[in-house]
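J.: Protein chains in written order, with my numbering: chain A, 1 to 103; chain B, 104 to 612. Every residue, glycine too, gets a C-beta built ideally from N, C-alpha and C. Quick one: the structure is below, and I'll ask about it shortly.
In C-alpha cells form, the structure reads like this:
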C-alpha cells in the first residue's frame, strides 16, 4: 500500500501534463486527449482517496469513478464527432486553421 | 427515505425517449408534428410537477425533502430538495415552456428534429437534476447530462462551419471546467470521506487541510466559473451563444449559465461558508473574491458588448454582464443580496430569453446577424420589435420592467450595514447606465426609416409571436407587481442562509 502522497503527486503531475497538452498542442484530437488526461487525474484521485483506509473501501467514490469514465467517454465521443465534422469543412485538424477560434 | 417522487424528472425523461422514437417514425413517414406537441406536453407536465414539489415543500415544517432509492445517504446517493432547488427547477421549466413552443415553427425547416427535442428535454432534465441533487454523485451525472446535450445542441446545424467551430470550442472549455470540478471535489472527498454535500460540510478538518482546501476551492471556482461565464473563463460564450439555434441560445443564456452559478452558490454555501471562519481571513477573503470578480465580469461584459455589430453576439456579451450583477448579491452574502441574485436569475431568464427569441425571429427573416443591415425592420415586423424593445429595456433596468426590481435589490444589498461595499454599488449602477448605450442603438436601428426597400418581409408566424408576447407581458407585469416571484425568491434565499443548518442536519440525522 503506497502512501497517499505518492498518488497526490501523480494526480497533480497528470493535471499539469493535461493542461500543457490542452494549451500548447494545436491538433484537435490531442486537445481532447488533454481533457481525458485531466479526467483520469480526477478519477485516480477519487480511487486513491476511497481506498485510503486499510481494510475499508468507500463504494460511493468508486461508483462515482465508474460513472465519470462513462460520462468522459460520452464527452470525447461528441468531441470526436465535432472533429470529424470540422475536418469535413476545413480539411485539417489544426485548430489554428479554424478561422475564428481564439483560445 | 422516500418523502416525495421527482415527477418533474420522470416526465422529462419519458418525454425525451418518446419524442426521439416518435421523431424517428415521423422522419421515415416524411410528415407529422406529433413530436413537437409531445415535447410541449411533457414540458408542461414537468412544470406542473415542479409546482407539485413547491406545494409539498411548503407543507413541510423545515421546507426540506429527501429522496433516495436503495441505500440511505451516507452510503447511497440522494436528491435533497429545498426551496432554492424548487425555485431553480421552476425557473428552468418556465423558460423551457416558451422555448418549446417557439421551436415549433423556428426549427421546422431542419431535419433530425426528433433528436433536437429529445436533447432539449434531456438538457432540461440535467438542469432540473442539478438543482435537486443532494450529493456530488447525483450532481455530477446531471451536470454532465446538461453539458453533453448542450454541446450537441450548439453544434446542431452541423452543415455550416460556424456552429461546429463554436461547438468544439464550447466542448473543450466547458468539459475542462467539468473535469476541474471533479478534481476539486475529489480533494474535498478525500478530506471528508463522503461525496454528500452535508458530510463534506461537517466532515472536513479545516485546520489540518491547509493548502488543499484552497486548492479545492480554486479548482471548483474555475470549474463552475467556466460554465457560469465569469470573466477570465468566459471566452466560449460569445462564440457558442450566437452560433446555436435561437431557442438554444435563449436556453443557454437564460438558464444554463445560471445553473453554473447555482452550482457555485450551492457548493460554496454548503461546504465552504459554514467553515469560513476556520480558514485564515476566510469570510473577508471570500467576500472580496466574489466582489472583485463581479466588478471584472460586469465591466468587461458591458465594454465588449458595446463593440459588437452582431446582434446575438451583443446579447451574449450582455449575458456576461448580467452574471456580474448576480455576483454582487453573492458577494454581499446576506439574505437580501441572495434574494436579489435569485430574482435576477428568474427575471434575466425571461428578459434574455425573450431578447434571443425575438432577435432569432428577426435574424430568420433578414438572414443576417449584422445590426447595420436591420435598419427599419420594425416597420415590417412590429410585434417582434415591440417585444424585443421591452426585453432590452428590461435588461437595461428601466423602471416598470422586471429588470429594475432585481437590479434595485442587488445594488441596494451591497450598501447594507455589515456589507459596506459602496464601491460595488457605484460600479454596478455605472455599468447599468453604461449598458443602455448599446441597448438603445438596437431599438433606434429597428425603428429607423428603411433606406432600401426590403420588401417581402413578413411578420414572424403566430406560434413564435405567442410565447414572445406572453414573455413581454410578464416582464412588464412582474416589473409593476413583483410580489409572486419575489415571494418564491425570498423563500429560496432564506433556505440558503437561515435554513442551511437544517439542510445539513437533515442528511446527518
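1. Would you call the segment 118-130 of chain B in contact with the segment 71-79 of chain A, where contact means no fewer than 3 C-beta pairs closer than 8 angstroms?
2. First and last residue of the beta strand (DSSP E) that includes residue 170 (chain B)?
3. Quick check on DSSP: helix, strand or coil for residue 382 (chain B)?
4. Compare the C-beta of residue 355 (chain B) with all C-beta atoms of chain A and state if any pair is closer than 9 angstroms.
5. DSSP three-state label for residue 410 (chain B), please.
6. Against chain A, does residue 238 (chain B) count as a neighbour if the rule is that its beta carbon must be under 9 angstroms from one of theirs?
7. Kindly provide the ranges of any alpha helix (DSSP H) runs that are 4 or more residues long and lie completely inside the segment 324-407 of chain B, ordered along the chain.
8. Would you mind working out which of B:428, B:132, B:139 sits nearest residue 118 (chain B), comparing C-alpha positions?
9. Measuring CB to CB, does residue 418 (chain B) end up less than 9 angstroms from residue 549 (chain B)?
10. Using a threshold of 9 angstroms, state whether the C-beta atoms of residue 632 (chain B) and residue 506 (chain B) are closer than that.
11. Ignore the nearest five residues each way along the sequence and tell me which others in residue 198 (chain B)'s own chain have a CB closer than 8 angstroms to its CB.
12. List, in order along the chain, the chain B residues whose C-beta lies closer than 9 angstroms to that of residue 39 (chain A)?
13. When you compare the CB of residue 663 (chain B) with every CB in chain A, is at least one pair closer than 9 angstroms?
14. Given a cut-off of 9 angstroms, decide if residue 460 (chain B) and residue 350 (chain B) are closer than it, judged by their beta-carbon atoms.
15. Using 9 angstroms as the limit for Cβ to Cβ distance, is residue 144 (chain B) near chain A?
16. How about residue 228 (chain B) and residue 115 (chain B): are their beta carbons less than 9 angstroms apart?
17. At the level of alpha carbons, what is the spacing between residue 609 (chain B) and residue 483 (chain B)?
18. Please list the residues of the segment 48-62 of chain A that have a C-beta atom closer than 9 angstroms to any C-beta atom in chain B, keeping them in chain order.
19. Within the same chain, show all residues whose beta-carbon is closer than 6 angstroms to that of residue 103 (chain A), passing over the 5 residues directly before and after it, in chain order.
20. Where are the alpha helix (DSSP H) runs, 4 residues long or more, that stay fully inside the segment 110-182 of chain B, in chain order?
21. Return the first residue and the last residue of the alpha helix (DSSP H) that residue 593 (chain B) is part of.
22. Give the DSSP bridge partners of residue 105 (chain B), in chain order.
23. Rounded to whole angstroms, what's the CA-CA distance from residue 541 (chain B) to residue 344 (chain B)? Just pull it up for me.
24. Output, in chain order, the set of chain B residues within a Cβ distance shorter than 8 angstroms of residue 29 (chain A).
25. With 16 other CB atoms within 10 Å as the buried threshold, where does residue 134 (chain B) fall?
26. Whole angstroms is fine: what's the gap from residue 19 (chain A)'s alpha carbon to residue 191 (chain B)'s?
27. Should residue 370 (chain B) be flagged as near chain A, meaning a C-beta pair shorter than 9 angstroms?
28. Check for me: the alpha helix (DSSP H) holding residue 30 (chain A) runs from which residue to which?
29. Looking only at C-alpha atoms, which of B:236, B:241, B:324, B:266 sits nearest to residue 279 (chain B)?
30. Taking a contact to mean a Cβ-Cβ separation below 9 angstroms, would you say residue 429 (chain B) touches residue 476 (chain B) in this structure?
31. How big is the Cα-Cα spacing for residue 246 (chain B) and residue 338 (chain B)?
32. To which residues of the same chain is residue 374 (chain B) closer than 7 angstroms at the C-beta, ignoring the five residues directly before and after it?
T.: On the basis of the supplied data:
1. Here the segment 118-130 of chain B makes no contact with the segment 71-79 of chain A; the two share fewer than three CB pairs at distances below 8 angstroms.
2. 168-170
3. coil
4. no
5. coil
6. yes
7. 340-346, 349-354, 360-370
8. B:139
9. Going by C-beta atoms, residue 418 (chain B) is not nearer than 9 angstroms to residue 549 (chain B).
10. Lying before the first or after the last residue shown, residue 632 (chain B) is absent from chain B, which here runs from 104 to 612.
11. 353, 354, 357, 358, 452, 453, 456
12. Ordered by position in chain B, the residues that pass the 9 angstroms Cβ test against residue 39 (chain A) are 278, 281, 282, 285, 286.
13. Lying outside 104 to 612, the shown extent of chain B, residue 663 (chain B) is not represented and no answer is given.
14. Inclusion of residue 350 (chain B) and residue 460 (chain B) in the CB contact set at 9 angstroms is warranted, their separation being smaller than that value.
15. no
16. yes
17. 58 angstroms
18. 48, 49, 50, 52, 53, 58, 59, 60, 61
19. Note that residue 103 (chain A) scores a pLDDT of 42, beneath 50, so its modelled location is shaky; the value from the coordinates is reported in the next line. So the list is empty, once near-sequence residues are dropped.
20. The segment 110-182 of chain B contains these whole alpha helix (DSSP H) runs: 110-132, 137-162.
21. 586-600
22. As a beta-bridge residue in DSSP terms, residue 105 (chain B) pairs with B:170.
23. 18 angstroms
24. Within 8 angstroms Cβ-Cβ: nothing; residue 29 (chain A) doesn't reach chain B, min ~11 angstroms.
25. exposed
26. 33 angstroms
27. No, residue 370 (chain B) lies away from the interface with chain A (no Cβ there is under 9 angstroms from its Cβ).
28. 28-50
29. For residue 279 (chain B), the closest C-alpha among the options B:236, B:241, B:324, B:266 is that of B:324.
30. no
31. Whole-angstrom Cα-Cα distance: 20 angstroms.
32. Excluding sequence neighbours, residue 374 (chain B) sits near 291, 300, 303, 304.
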